[in-house]
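**Student:** I am attaching a structure below and will ask some questions about it afterwards.
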């Protein structure tokens, strides 16, 4: 993915990570916001581990542990009418799951 918008997203996401902010993307549908975010967070490799339903290495198509550990970001798409409390709970849950997953993966590598 090498579009101008994707490069802008990467610049934004890296700044958010560097400053330790929460990033919010909005705009017209179909410009690639979700696709860029999924690629940046490596969500397709990370999400199955966050669900807690299976450990790494149980599926031959699993991403290498290093790829999962390198993500260190979560993707959350809220519903249209979400309250701030609901957003806080959902994002906190995902961040906690990411932390637990990283711990489990690091321990399994030792």
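Residue numbers (my numbering): 32 to 141. C-beta: ideal position from N, C-alpha, C; glycine also.
1) Just the Cα atoms here: how many angstroms apart are residue 47 and residue 73?
2) What residues in its chain sit with their C-beta under 7 Å from that of residue 34, if we drop five residues either side in the sequence?
3) Reducing DSSP to helix, strand and coil, say where residue 57 ends up.
4) Report yes or no: do the segment 97-104 and the segment 124-139 share at least 3 C-beta pairs separated by less than 8 Å?
5) Please name the residue in 52, 49, 57 whose C-alpha comes closest to that of residue 36.
6) Whose C-beta lies closer than 8 Å to the C-beta of residue 41 among residues of the same chain, with five residues either side of it excluded?
7) Out of curiosity, what's the CA-to-CA distance linking residue 59 and residue 114?
8) Out of curiosity, what's the CA-to-CA distance linking residue 81 and residue 132?
9) Could you please give the first and the last residue of the uninterrupted alpha helix (DSSP H) stretch that includes residue 100?
10) Which residue marks the beginning of the alpha helix (DSSP H) containing residue 67, and which one marks its end?
**Tutor:** So, from the data block:
1) 16 Å
2) 63
3) coil
4) yes
5) 57
6) 67, 71
7) 22 Å
8) 6 Å
9) 96-102
10) 64-72
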